[in-house]
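Take a look at the structure set out below.
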Amino acid sequence: YGERFQSELLGANLRMGVSADAGAGLRVGLTLETPTFYRVDEDFDTIITTDFDNGATLSYGGQSDDIGRGTFEYDITTPWRFGAGLGYSNSGFNIMGDVEFIDWSQLDMAAATDQDFFDDLNRSIRDNFQPVINTRVGLEYQFEDFRVRGGVAFYPDPIDAGIRSDEATSVDRARTYISAGFGYRFSNKLEVDFGWMQERQDDLYLPDFVDYSVQETVRRDQFLVGLNILL
Numbered sequence: 147y148g149e150r151f152q153s154e155l156l157g158a159n160l161r162m163g164v165s166a167d168a169g170a171g172l173r174v175g176l177t178l179e180t181p182t183f184y185r186v187d188e189d190f191d192t193i194i195t196t197d198f199d200n201g202a203t204l205s206y207g208g209q210s211d212d213i214g215r216g217t218f219e220y221d222i223t224t225p226w227r228f229g230a231g232l233g234y235s236n237s238g239f240n241i242m243g244d245v246e247f248i249d250w251s252q253l254d255m256a257a258a259t260d261q262d263f264f265d266d267l268n269r270s271i272r273d274n275f276q277p278v279i280n281t282r283v284g285l286e287y288q289f290e291d292f293r294v295r296g297g298v299a300f301y302p303d304p305i306d307a308g309i310r311s312d313e314a315t316s317v318d319r320a321r322t323y324i325s326a327g328f329g330y331r332f333s334n335k336l337e338v339d340f341g342w343m344q345e346r347q348d349d350l351y352l353p354d355f356v357d358y359s360v361q362e363t364v365r366r367d368q369f370l371v372g373l374n375i376l377l
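Residue numbers (the working numbering): 147 to 377.
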């Protein structure tokens, strides 16, 4: 049994913000992000092959025709995002934090076909999803031309906790991020940055054709290198 699934997303939104100097090294800020309007194009195909003990084979998909293959197009509109942040700087030490409010029950999906399916899906989103507050905190210390950084972030699961407690095959998919990095300024016009970030999340895997589930702990690591050149 094999599946191939490919999605192409094209989206656009607008993010606005204001900040002000509050004195004594403090800065405060507010942000507003409009919904993101995504256009999603998906291609998928399925191959199922059964090998019998007598040497016979039965297959579905994987042929030159369109059996087991398909395409689908739909739209996603994400909720508004509202944020507030606070920063403090003193003698090369910087600390920054922000919170972001998102009401995931306002997520909306639509397509030119299967309207009844998407109406039911949007009703399920309204009933099962909830508002969340994402939090992020970062630290940086600079001495001479060298800077070190670290940060943490927490994104709660948007699915209502009461609904998760009623489902035997549900798990809290809250995400935690940990990051660290450093940068070095070679001159007034050249700076190099190195960064690492790890995402941690619990998940649930439901294998096809079986009646059990597998709880997973997911770790994703990203390593970034940046080069800043001032002309």
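All residues carry an ideal CB built from backbone N, CA and C; glycine is no exception.
Alpha-carbon to alpha-carbon, residue j and residue i
| i | j | result |
| --- | --- | --- |
| Tyr168 | Glu219 | The amino acid at residue 168 is misidentified as Tyr; the sequence shows Ala. Between Ala168 and Glu219, the C-alpha separation is close to 48 angstroms. |
| Ser359 | Arg173 | 48 angstroms |
| Gly231 | Pro225 | 20 angstroms |
| Ala326 | Met343 | 7 angstroms |
| Ser235 | Val186 | 42 angstroms |
| Ser270 | Trp250 | 12 angstroms |
| Ala202 | Val371 | 54 angstroms |
| Ala307 | Arg272 | 14 angstroms |
| Leu267 | Asn274 | 10 angstroms |
| Leu156 | Asp221 | 10 angstroms |
| Phe264 | Ala258 | 10 angstroms |
| Ile324 | Gly296 | 8 angstroms |
| Glu362 | Phe332 | 43 angstroms |
| Ser153 | Phe183 | 15 angstroms |
| Ser165 | Glu188 | 40 angstroms |
| Arg346 | Asn200 | 47 angstroms |
| Thr322 | Gly284 | 14 angstroms |
| Leu204 | Tyr147 | 12 angstroms |
| Ala170 | Gly163 | 22 angstroms |
| Leu253 | Leu336 | 43 angstroms |
| Leu178 | Leu160 | 8 angstroms |
| Val364 | Asp260 | 33 angstroms |
| Ser316 | Arg227 | 26 angstroms |
Presumed contact (8 angstroms Cβ cut-off) between residue i and residue j, rounded CB distance
| i | j | result |
| --- | --- | --- |
| Ala320 | Tyr351 | Not confirmed; about 17 angstroms, so no contact. |
| Thr223 | Pro181 | 5 angstroms |
| Val338 | Leu376 | Not confirmed; about 13 angstroms, so no contact. |
| Asp348 | Asp318 | 6 angstroms |
Proximity of residue i and residue j at Cβ, strictly below 8 angstroms
| i | j | result |
| --- | --- | --- |
| Leu176 | Gly229 | yes |
| Gly208 | Ile193 | yes |
| Val245 | Ile213 | no |
| Arg150 | Asp191 | yes |
| Arg282 | Ala299 | yes |
| Glu286 | Asn240 | yes |
| Arg293 | Phe340 | no |
| Gly233 | Phe289 | no |
| Asp381 | Tyr330 | The requested residue 381 does not occur in the structure, where the chain is confined to residues 147 to 377. |
Any non-hydrogen atom of the ligand FMN closer than 7 angstroms to residue i Cβ
| i | result |
| --- | --- |
| Thr224 | With respect to the ligand FMN, the structure shown offers nothing to examine, as it has no ligands at all. |
Residue burial classification, residue i (beta-carbon count within 10 angstroms, cutoff 16)
| i | result |
| --- | --- |
| Ile248 | buried |
| Ile309 | exposed |
| Asp303 | buried |
Original post:
If you scan the stretch 264-334 from start to end, which runs of the beta strand (DSSP E) of 3 or more residues do you find wholly inside it?
Top reply: Runs of the beta strand (DSSP E) inside the stretch 264-334: 277-289, 292-301, 321-333.
Original post:
Taking only runs of the beta strand (DSSP E) that begin and end inside the stretch 185-245, which ones reach a length of at least 3 residues, in chain order?
Top reply: You should have 203-206, 215-223, 227-236.
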